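See below for the structure under consideration.
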Amino acid sequence: MTAPAERIVIENCAVATVDADDTEYPAGHLVVAGDRIESVGPGPAPAGLEGVVRRVDGTGHLLTPGLVNTHHHFYQWITRGLATDHNLFDWLVALYPTWARIDEAMTHAAAQGSLAMMARGGVTTAMDHHYVFPRGTGDLSGSIIRAAAGMGVRFTLARGSMDRGESDGGLPPDFAVETLDDALAATEETIDKHHDASFGAMTRIAVAPCSPFSVSTELLRQGAELARRKGVRLHTHGSETVEEEQFCRELFGMGPTDYFESTGWLGEDVWMAHCVHMADSDIAAFARTRTGVAHCPSSNARLAAGIARVPDMLAAGVPVGLGVDGTASNESGELHTELRNALLINRLGAHREAALTARQALRLGTYGGARVLGRAEEIGSLEAGKLADLVLWRMDTLAHASIADPVAALVLGAAAPVTLSLVNGRPVVEDGCLVTADEDAIARATRDEARRLARIAGLTG
Ligand SMILES: [Zn+2]
Numbered sequence: 089m090t091a092p093a094e095r096i097v098i099e100n101c102a103v104a105t106v107d108a109d110d111t112e113y114p115a116g117h118l119v120v121a122g123d124r125i126e127s128v129g130p131g132p133a134p135a136g137l138e139g140v141v142r143r144v145d146g147t148g149h150l151l152t153p154g155l156v157n158t159h160h161h162f163y164q165w166i167t168r169g170l171a172t173d174h175n176l177f178d179w180l181v182a183l184y185p186t187w188a189r190i191d192e193a194m195t196h197a198a199a200q201g202s203l204a205m206m207a208r209g210g211v212t213t214a215m216d217h218h219y220v221f222p223r224g225t226g227d228l229s230g231s232i233i234r235a236a237a238g239m240g241v242r243f244t245l246a247r248g249s250m251d252r253g254e255s256d257g258g259l260p261p262d263f264a265v266e267t268l269d270d271a272l273a274a275t276e277e278t279i280d281k282h283h284d285a286s287f288g289a290m291t292r293i294a295v296a297p298c299s300p301f302s303v304s305t306e307l308l309r310q311g312a313e314l315a316r317r318k319g320v321r322l323h324t325h326g327s328e329t330v331e332e333e334q335f336c337r338e339l340f341g342m343g344p345t346d347y348f349e350s351t352g353w354l355g356e357d358v359w360m361a362h363c364v365h366m367a368d369s370d371i372a373a374f375a376r377t378r379t380g381v382a383h384c385p386s387s388n389a390r391l392a393a394g395i396a397r398v399p400d401m402l403a404a405g406v407p408v409g410l411g412v413d414g415t416a417s418n419e420s421g422e423l424h425t426e427l428r429n430a431l432l433i434n435r436l437g438a439h440r441e442a443a444l445t446a447r448q449a450l451r452l453g454t455y456g457g458a459r460v461l462g463r464a465e466e467i468g469s470l471e472a473g474k475l476a477d478l479v480l481w482r483m484d485t486l487a488h489a490s491i492a493d494p495v496a497a498l499v500l501g502a503a504a505p506v507t508l509s510l511v512n513g514r515p516v517v518e519d520g521c522l523v524t525a526d527e528d529a530i531a532r533a534t535r536d537e538a539r540r541l542a543r544i545a546g547l548t549g
């Protein structure tokens, strides 16, 4: 006989479930049983529950689904604050030579830094699009997956790649790219070794050639075939800047969306970062094929890329989640900031005040992200039967106490302290502190690895 599930009861808090009806309770409860949500509703938890190992008084708090990040490059944690006034292409050209010097120890420390920053800010599902694999530098993918497992967050590694160096008309220097065959073989090996397709999996792998200007058409085509043969998702950057649009028209005679479609890269198993420069026909193609979008407003602003048409995408039925993008173009690395900036930046676009609401912003950062990652049945909303990935935000301090609407406070206000976050029902943050990792030790390690990389890359003497 299996032991009865241990229960955690959270009550007396405001609850934003982000279910299909946006159900909210001004004072509600949630019961966790094992790794699942058992019940959620108004008022106190049902009386007489057995096996309760913990009871949390959520007075003055807001309970939401855990935040889901859909686009990131962990390794950039140790190259923040460089090329601060460049647009995308100039920024990439400035940084590629430094990035090409990363090794396993640097990658591991940077992954820990990125993960720690996100987790302490309420992220329960993370992803890393890693596409820099210098020769002979160890098991970079393994080091990233180890870091995520140690932090206790749910994780997708998008195994990236670049095979179009400068001599093939690409943007990265030749020494920073892999061969087509090496990239495909290493990606397949990573899937075989680490991908877990089961419900509630902590580690998933996606196939993720970097972008049209850094990979060959053949890598896109064969990458899509590999992903579908293995039953994993596909991820890349798309339609980020005007320069990318020009690059595609000059090299391929068509815009990015048509190019992606011609290589098998539109579909409900695909999600793309940015999608800033989208014509009506591009948005219609994404909606028709259910291709997902990782909206990264802070990075788009930092690199002067433009404003993605998120209200139009949502109206057309395109799945949209949020991403911090790499921290070399978004030094904060916090997803809370993206909730706020998604709302603010989209109100500077064509729809003005009719753009995103606070509740739509919260939905993008939770359920929207789950949908983009293909995990909407498992996570992204607080509903009985789903995995217990959730965040209890403190709303009774100076920063938020005078705001009556807790969702508005969370999205529009300062970053709220996290009193408790759970992944699979297990605590990751308690009273604002990581319980799965030593934040100060990670800060020291990332500082040391950033200095070592700067020295090796010749940025410092
Ligand atoms: Zn990116």
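Residue numbers (the working numbering): 89 to 549.
Just so you know, even glycine gets a beta-carbon here, dropped at the ideal spot from N, CA and C.
Only a predicted model underlies this, so the values are computations on that prediction, with no experimental measurement involved.
For residue i, the first and last residue of its enclosing alpha helix (DSSP H)
i      : result
Phe340 : Val330 to Phe340
Ala382 : Per DSSP, Ala382 belongs to no alpha helix (DSSP H); it is in the beta strand (DSSP E), Gly380 to His383.
Thr445 : Per DSSP, Thr445 belongs to no alpha helix (DSSP H) and is neither H nor E.
His282 : Leu268 to His282
His196 : Glu192 to Arg208
Pro344 : Pro344 to Ser350
Asn175 : It is not in any alpha helix (DSSP H) - Asn175 carries neither H nor E in the DSSP assignment.
Val220 : Note, Val220: premise wrong, no alpha helix (DSSP H); not H, not E.
Met401 : Val398 to Ala404
Ligand 2 heavy atom lying under 7 Å from the CB of residue i
i      : result
Ala367 : This structure lacks ligand 2; its bound ligands are ligand 1.
Beta-carbon spacing of residue i, residue j below 8 Å
i      : j      : result
Ile98  : Ala472 : no
Val480 : His149 : For the record, residue 480 in the displayed sequence is Leu; it is not Val. Closer than 8 Å, so yes.
Glu333 : Gly341 : no
Ala93  : Gly136 : no
Val517 : Val499 : no
Phe301 : Leu259 : yes
Val128 : Val103 : yes
His117 : Gly131 : yes
Ala545 : Thr186 : yes
Arg540 : Met194 : yes
Thr152 : Leu450 : yes
Gly209 : Ala458 : no
Pro261 : Tyr163 : no
Asp251 : Leu307 : yes
Ala197 : Ile166 : yes
Ala373 : Glu356 : no
Phe263 : Ala188 : yes
Residue i: CB within 7 Å of a non-hydrogen atom of ligand 1
i      : result
Gly409 : no
Asp251 : no
Asp413 : yes
Ala361 : yes
His325 : yes
His149 : no
His159 : yes
His217 : yes
Cross-strand partners of residue i (DSSP beta bridge)
i      : result
His117 : Glu99 and Gly129
Phe243 : Ala214 and Thr291
Glu112 : Ala104
Val511 : Arg514
Asp145 : Glu99
Thr324 : Met360
Arg482 : His149
Leu410 : Asn157 and His383
Leu522 : Val517
Arg124 : Ala121 and Leu475
Ser249 : Pro297
Val506 : Trp481
Val140 : Arg95
Nearest-angstrom Cβ-Cβ length linking residue i and residue j, presumed shorter than 8 Å
i      : j      : result
Leu402 : Val156 : So it is not a contact: roughly 16 Å between Cβ atoms.
Val364 : Gly394 : 4 Å
Thr351 : Ala294 : No, Thr351 and Ala294 are not in contact; Cβ-Cβ is about 16 Å, not under 8 Å.
Asn175 : Ala382 : Actually they do not touch by this definition, with Cβ atoms about 20 Å apart.
Leu410 : Leu423 : 6 Å
Thr445 : Ser386 : Actually they are not in contact, since the Cβ atoms of Thr445 and Ser386 sit about 19 Å apart, beyond 8 Å.
Val241 : Thr212 : 6 Å
Asn434 : Val398 : 5 Å
Val119 : Arg95  : 6 Å
Gly248 : His217 : 5 Å
Leu314 : Leu272 : 6 Å
Gly288 : Leu475 : 5 Å
Ala246 : His323 : 4 Å
N-terminal and C-terminal residue of the beta strand (DSSP E) that residue i is part of
i      : result
Ala296 : Thr291 to Pro297
Met360 : Val358 to His362
Glu518 : Arg514 to Glu518
Thr152 : His149 to Pro153
Closer than 8 Å to chain D by CB, residue i
i      : result
Gly513 : The structure shown contains no chain D, having only a single protein chain.
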